[in-house]
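Peer 1: Just dropping this structure here.
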Amino acid sequence: MPPRWPPISSEPDLLSGLARRISLTSEESAVFKHSLSLLAALCQSYAESVRIYSSSPSRAVIEWYEGVVSLVGSIQGFDLVGSIVNSVHFEDDLRRAYANRPPEVLEFSRSLPIMQPNYKIQTIDAFQTMLSSDDAMETAHNLQQDDLAALVNYTGEVLDDSSVVDVNNFTSRKAGLVLLRKLYRKSGLYPSLLSIPSEILHTGSALQPVASGGFADVWKGSCRGEQAAIKVYRIVGRDVPSALLKRVLKMALISRFLRHPNIIPFYGVNTELFPLCSAHKWMPNGDINRFLRCNPRAHRVKLVVDIAEGLKFLHDMDYLRAELKGDAVLIDKAQRACISAYEEFDDQSLHISSVYPMTTRWAAPEIIDPERFGLERSMWTRETDIYAFSTVMWEVFTGRIPFYELSREASVMRAIVTDRRPQRPIHATSLGLSNRIWDLMQRCWSSFPSDRPDMTDVLGCLDRVLHELGEDAPEAPEQWPLVMT
């Protein structure tokens, strides 16, 4: 119930009373506290000057004050979630009110701080409070469709702006991503910024894709003027299968908002140029295997540390890479190794229906034979990521795929489930494959998931080795891929 204010006896008193209402009401608002405090200070200062000089405010000034009272009251009248949902409109209203100051108030305010409302910066405290409140989150999940869409777009814009939610603020970033995923599962809504406008996405003039996979072709193009890899999904006709669209959008929800030097920047999706395509930053040096063929003196331990940094970040954010292999590690312009997020990590695991032949060689034994480990079905976990990471390390130091000597997938699977592992390459010592790293690889590809170290331990070990080796690149191997003897 709004407060009952005492009657006003004169116009200067009227102005002072209105200013007092603005000040008291603005203090109770969940959002735009800084802008409202500046607006309240302006109203109080001008009202005080009118009182001191015993002048009568114009009708335009009184009406402006009354409008500000109404505006501040409407902002304060919403609960925490409602304040966030309506924050874009509140910013517009505040800017309009400030721009429409009567001439005498405008002149008076020239020496005062300028009010510059920003709905992202001036609502972030309320947003973080909402994320940590069970009651507020329940309110958010029960919003009507229009308000739900506004909250989804707001959350996406806040997470996308590193000046608002710092890339190192894991708590808020994780909680915001959890909110987006839950709202997407509930409503199918996703932030509009995930949709790339066709006018800023171009596939270039090439007649052939630069790469082709089992279900998509990759073209070199541009997005917002920057080089981009555009993945075009192979679809018969114009109708995108709902399961594929859902999967791509889930991936986009994850990838767009993960910011790390060793995570491939993701731009978004488009359904106009093609039935379905997605775009991420172009990696000019290709995958790590191609890079090492062209740069045999590359510092392999640094590259392995890069991969570990990216994987640790994903695990810290409660995501998995899954299906990690050398071809999935890309090298950016600065010659850093980068990986991408693959799937969300809920309830300690992600179930999978099968192991694709193209990734069997990097698969942990519990994925191939879950019954042996007391599992009902195969599932990706942090531990399977760490196993795959060890096989990628072996790739980096040898230039060969795991079990390269076995041509049949059945033989590869048999080798993995019978605890056979790739042999130590004796010629890789000069490339940085020390006893300590070899021991780490063996622990990472241990048959039993519980025996594998976590990524914090892995990265700690690798950092120590890198510190001992220094920054100097090793000598180029006499032959690449390495000769295995």
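According to the UniProt record's numbering, the sequence shown is numbered sequentially starting from 1.
Quick reminder that beta carbons are idealized off the backbone N, C-alpha and C, glycines included.
Classify residue 459 as helix, strand or coil using the three-state DSSP reduction.
Peer 2: The answer is helix: DSSP assigns residue 459 an H, G or I state.
Peer 1: Tell me residue 226's beta-bridge partners as DSSP assigns them.
Peer 2: Answer is 223.
Peer 1: For residue 113, is the classification buried or exposed, using 16 other Cβ atoms within 10 angstroms of its Cβ as the cut-off for buried?
Peer 2: Burial call: exposed.
Peer 1: Got a sec? Which residues, its chain only, sit under 7 Å from residue 49 by beta carbon, not counting five neighbours each side?
Peer 2: The answer, listed in chain order, is 108.
Peer 1: Apply the 10 Å Cβ neighbour rule to residue 29 and answer buried if 16 or more other Cβ atoms are within range, or exposed otherwise.
Peer 2: Buried.
Peer 1: Leaving out five residues before and five after residue 297 in sequence, what residues of the same chain have Cβ atoms less than 8 Å from its Cβ?
Peer 2: Result list for residue 297: 473, 474, 475, 476, in chain order.
Peer 1: Got a sec? Which residues, its chain only, sit under 6 Å from residue 40 by beta carbon, not counting five neighbours each side?
Peer 2: Once the five neighbours on either side are set aside, the close Cβ partners of residue 40 are 22, 23, 26.
Peer 1: By how many angstroms is the C-alpha of residue 117 removed from the C-alpha of residue 36?
Peer 2: Roughly 9 Å separates the two Cα atoms.
Peer 1: In the DSSP assignment, find the alpha helix (DSSP H) that holds residue 153 and state where it starts and stops.
Peer 2: Element bounds for residue 153: 145 to 160.
Peer 1: Based on Cα-Cα distance, which residue from 128, 55, 199, 124 lies nearest to residue 104?
Peer 2: Measuring from the Cα of residue 104, the nearest candidate turns out to be 55.
Peer 1: How many whole angstroms separate the CB atoms of residue 187 and residue 227, which I take to be in contact at a CB cut-off of 8 Å?
Peer 2: Contact doesn't hold; Cβ gap of about 34 Å is too wide.
Peer 1: Indicate whether the contact test is met: 3 or more Cβ pairs, each with one atom in the segment 124 to 131 and one in the segment 79 to 89, closer than 8 Å.
Peer 2: Short answer: they touch.
Peer 1: How many angstroms separate the CA atom of residue 390 from the CA atom of residue 305?
Peer 2: The straight-line gap from Cα to Cα measures roughly 12 Å.
Peer 1: If the criterion is Cβ atoms closer than 8 Å, does the pair residue 279 and residue 223 meet it?
Peer 2: In this structure, residue 223 lies closer than 8 Å to residue 279 by Cβ.
Peer 1: By a C-beta neighbour count over all protein chains shown, 10 Å radius and 16 as the cutoff for buried, is residue 252 buried or exposed?
Peer 2: Label assigned to residue 252: buried.
Peer 1: Since I believe residue 447 is in contact with residue 365 (beta carbons under 8 Å), could you give me their beta-carbon distance rounded to a whole number of angstroms?
Peer 2: The Cβ separation is near 5 Å, so the contact holds.
Peer 1: What residue range does the beta strand (DSSP E) around residue 280 cover?
Peer 2: Here the beta strand (DSSP E) through residue 280 covers 277 to 281.
Peer 1: Leaving out five residues on either side along the sequence, give the residues of the same chain with a beta carbon under 7 Å from the beta carbon of residue 189.
Peer 2: Excluding positions up to five away in sequence, the list reads 148, 149, 152, 183.
Peer 1: Output the distance between the C-alpha atoms of residue 84 and residue 31, rounded to the nearest integer angstrom.
Peer 2: The alpha-carbon atoms of residue 84 and residue 31 are separated by roughly 7 Å.
Peer 1: State the start and end residues of the unbroken alpha helix (DSSP H) segment that holds residue 184.
Peer 2: Segment 170 to 187, the alpha helix (DSSP H) holding residue 184.
Peer 1: With distance defined between alpha-carbon atoms, name the residue in 171, 254, 272 nearest to residue 232.
Peer 2: For the residues 171, 254, 272, the minimum Cα distance to residue 232 belongs to 272.
Peer 1: Going by beta carbon distance, what residues of the same chain come within less than 6 Å of residue 159, once the five residues before and after it are set aside?
Peer 2: Closer than 6 Å at the Cβ level, and outside the excluded window around residue 159, lie 165, 176, 257.
Peer 1: Nearest-angstrom Cα distance between residue 119 and residue 417?
Peer 2: Straight-line Cα distance between these residues: approximately 55 Å.
Peer 1: From residue 294 to residue 254, what does the alpha carbon distance come to, in whole angstroms?
Peer 2: Cα to Cα, residue 294 sits roughly 32 Å from residue 254.
Peer 1: Report all residues from its chain with a CB closer than 8 Å to the CB of residue 487; omit the five preceding and five following residues, and keep chain order.
Peer 2: One cannot answer for residue 487 here, as it falls past the ends of the chain, which runs 1 to 485.
Peer 1: For residue 43, collect the residues of the same chain with a Cβ closer than 6 Å to its Cβ; drop the 5 residues on either side in sequence, then sort them by chain order.
Peer 2: These residues qualify, in order along the chain: 19, 22.
Peer 1: Output needed for residue 88: all residues of its chain with C-beta closer than 7 Å, excluding positions within five of it in sequence on either side, in chain order.
Peer 2: So the qualifying residues of the chain are 119.
Peer 1: For residue 492, which three-state DSSP category applies?
Peer 2: In the structure as shown, the chain begins at 1 and stops at 485. Residue 492 is therefore absent and cannot be evaluated.
Peer 1: According to DSSP, is residue 350 part of a helix, a strand, or is it coil?
Peer 2: For residue 350, the pLDDT reaches just 47, beneath the cut-off of 50, and the residue's location in the model is therefore unreliable, leaving the point undetermined.
Peer 1: Could you compute how far the alpha carbon of residue 292 sits from the alpha carbon of residue 392?
Peer 2: Roughly 13 Å separates the two Cα atoms.
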